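Read the structure below first, then the notes.
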Amino acid sequence: MSELSVKHLLGIKYLKEQDIQLIFETADNFKEVINRSIKKVPSLRDITIANIFFENSTRTRLSFELAEKRLSADVVNFSASQSSVKKGETLIDTVNNILSMKVDMVVMRHPNPGAGIFLSRHVEASIINAGDGAHEHPTQALLDSYSIREKLGDVAGKNVVIVGDILHSRVALSNIFALKLQGANVKVCGPRTLLPKYIESLGVAVETDLRKALNWCDVANMLRIQNERLDISYFPTTREYTQQFGVNKVLLDSLDKEIVIMHPGPINRGVEITSDVADSKQSIILGQVENGVAIRMAVMYLLASKIK
Ligand code: CP
Numbered sequence: 000m001s002e003l004s005v006k007h008l009l010g011i012k013y014l015k016e017q018d019i020q021l022i023f024e025t026a027d028n029f030k031e032v033i034n035r036s037i038k039k040v041p042s043l044r045d046i047t048i049a050n051i052f053f054e055n056s057t058r059t060r061l062s063f064e065l066a067e068k069r070l071s072a073d074v075v076n077f078s079a080s081q082s083s084v085k086k087g088e089t090l091i092d093t094v095n096n097i098l099s100m101k102v103d104m105v106v107m108r109h110p111n112p113g114a115g116i117f118l119s120r121h122v123e124a125s126i127i128n129a130g131d132g133a134h135e136h137p138t139q140a141l142l143d144s145y146s147i148r149e150k151l152g153d154v155a156g157k158n159v160v161i162v163g164d165i166l167h168s169r170v171a172l173s174n175i176f177a178l179k180l181q182g183a184n185v186k187v188c189g190p191r192t193l194l195p196k197y198i199e200s201l202g203v204a205v206e207t208d209l210r211k212a213l214n215w216c217d218v219a220n221m222l223r224i225q226n227e228r229l230d231i232s233y234f235p236t237t238r239e240y241t242q243q244f245g246v247n248k249v250l251l252d253s254l255d256k257e258i259v260i261m262h263p264g265p266i267n268r269g270v271e272i273t274s275d276v277a278d279s280k281q282s283i284i285l286g287q288v289e290n291g292v293a294i295r296m297a298v299m300y301l302l303a304s305k306i307k
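Numbering (numbering that gives the first Met the number 0), first residue to last: 0 to 307.
Okay, structure coming up:
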């Protein structure tokens with residue numbers, strides 16, 4: 000397979016396993032590029048990309064911008080908080096105005112699930128979903144699987160547990176789709192109130208005992224509690240959550256085997272993981288961030304080849 004089966008990257012749900020392998024093989028080449036002394040290639044010299052962010056971001060936004068610049072694309076950045084969205088302009092009007100300036104690709108983060116899908120039906124540009132509410136965050140899941148592949152050689156057959164607030168997490172949903180597509184075994188672990196009722200229908204097992212989940216897994220992907228999305232109290236106190244679902248060094252060192260610790264960020268240190276776990280040699284958290292640039296370069300390069 001030499002090209003993606005999709006014109007947009009709206010979610011992992013729309014990808015085939017071969018798409019993921021193509022993205023990884025392309026990212027391998029770009030990872031080599033970004034470790035050279037001259038980190039730039041002319042691949043997207045004729046492409047203009049708009050990064051439009053209606054929600055806060057550190058990693059995703061910087062990573063996309065850096066990836067675009069490494070590919071020599073022209074880049075414009077749009078932040079909703081400093082825009083005419085504040086004056087009541089709609090999403091389609093906003094994006095059509097940006098596109099009339101001859102933009103080829105839009106990277107969008109939006110608080111509403113399905114915002115990217117909606118946009119893809121109304122505009123000509125190629126759309127990349129950089130996180131839509133509690134729905135999907137496809138490039139995060141791709142960089143997570145790529146990091147597992149890099150660390151453990153393969154994703155197929157690996158046991159991965161996703162721990163924390165599964166209910167509100169776009170990272171969890173995209174990771175589940177990506178891991179299952181590649182043949183990994185997936186469990187989720189967290190308070191029952193933060194596990195969606197449909198989760199087992201995705202082929203995922205539930206484990207509410209953290210020690211059992213960690214002793215089963217090769218990789219633990221630790222998610223933060225998304226306080227900004229919690230409309231009610233899902234657990235009694237943060238302290239109690241940490242006691243039951245937080246990973247500290249004593250727990251990590253007492254497991255039957257050495258597991259890999261991942262986290263998409265931002266980390267709430269001392270809540271879902273302690274600092275000595277986040278900074279331990281078992282943690283690949285900063286490796287995930289590094290891989291994010293190569294993965295995003297690969298996604299944009301492959302999508303750009305489909306622009307007429
Ligand atoms: N992982 C992630 O999406 O982080 P940001 O919210 O900082 O982009």
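Glycine included, each C-beta is placed from N, C-alpha and C at the ideal position.
None of these values were measured; they are calculated from a predicted model.
- Around the beta carbon of Asn50, 16 or more other beta carbons lie within 10 angstroms, which makes this residue buried.
- No residue range can be given for Lys12, since it is assigned to no alpha helix (DSSP H) and is classified by DSSP as neither H nor E.
- Taking the Cβ atoms as the reference, Phe52 lies roughly 12 Å from Arg58, outside the contact range of under 8 Å.
- Pairing Met299 with Ala66 gives a Cβ-Cβ distance under 8 Å.
- Within the segment 227 to 270, complete alpha helix (DSSP H) segments of at least 4 residues are found at 237 to 244 and 248 to 252, given in chain order.
- Contact annotation, Ile19 with Ala204: C-beta distance approximately 22 Å; criterion of less than 8 Å not satisfied.
- Shortest Cα-Cα distance from Ala129 to any of Ser56, Met221 and Asn226 involves Ser56.
- Look at Arg44: its beta carbon is at least 7 Å from all of the heavy atoms in the ligand CP.
- Assignment of Ser78 by DSSP, reduced to helix, strand and coil, places it in the strand class.
- Here the alpha carbons of Ile91 and Val160 stand approximately 38 Å from one another.
- Closer than 7 Å to some heavy atom of the ligand CP: that does not describe the Cβ of His134.
- Under the criterion of beta carbons closer than 8 Å, Ile165 and Val218 do not qualify as touching, at roughly 16 Å.
- Taking 7 Å as the cut-off, the C-beta of Gly264 counts as close to a heavy atom of the ligand CP.
- In this structure, Ser282 lies away from Lys248, with their beta-carbon atoms at least 8 Å apart.
- Sequence-distant partners of Asn290 (beyond 5 residues in either direction) whose C-beta falls short of 8 Å from its own C-beta, in its chain, are Ala26, Lys30, Leu142, Tyr145, Ser146 and Glu149.
- The Cβ atoms of Asp131 and His167 do not sit closer than 8 Å to each other.
- Around the beta-carbon of Gln287, 16 or more other beta-carbon atoms lie within 10 Å, marking it buried.
- Within the chosen limit of 7 Å, the ligand CP reaches the beta carbon of Arg60 through at least one heavy atom.
- Inclusion of Met107 and Ala124 in the CB contact set at 8 Å is not warranted, their separation being larger than that value.
- Your pair Val94 and Leu70 does not check out as a contact, with CB atoms roughly 22 Å apart and the cut at 8 Å.
- For Gln139, the CB falls within less than 7 Å of some heavy atom of the ligand CP.
- In the DSSP annotation of this structure, Val5 is not part of any alpha helix (DSSP H), being labelled neither H nor E.
- Residue environment for Val75: exposed (fewer than 16 other C-beta atoms within 10 angstroms of its C-beta).
- Inclusion of Ser56 in the 7 Å shell around the ligand CP follows from its C-beta lying nearer than that to a non-hydrogen atom of the ligand.
- In this structure, the ligand CP has a non-hydrogen atom nearer than 7 Å to the beta-carbon of Gly130.
- About 5 Å separates the CB atoms of Ile116 and Leu9; that is less than 8 Å, so the two are in contact.
- If you draw a 10 Å sphere on the C-beta of Lys186, you find 16 or more other C-beta atoms in it, and that means buried.
- If you look at Ser173, you'll find it in the alpha helix (DSSP H) that goes Arg169 to Leu180.
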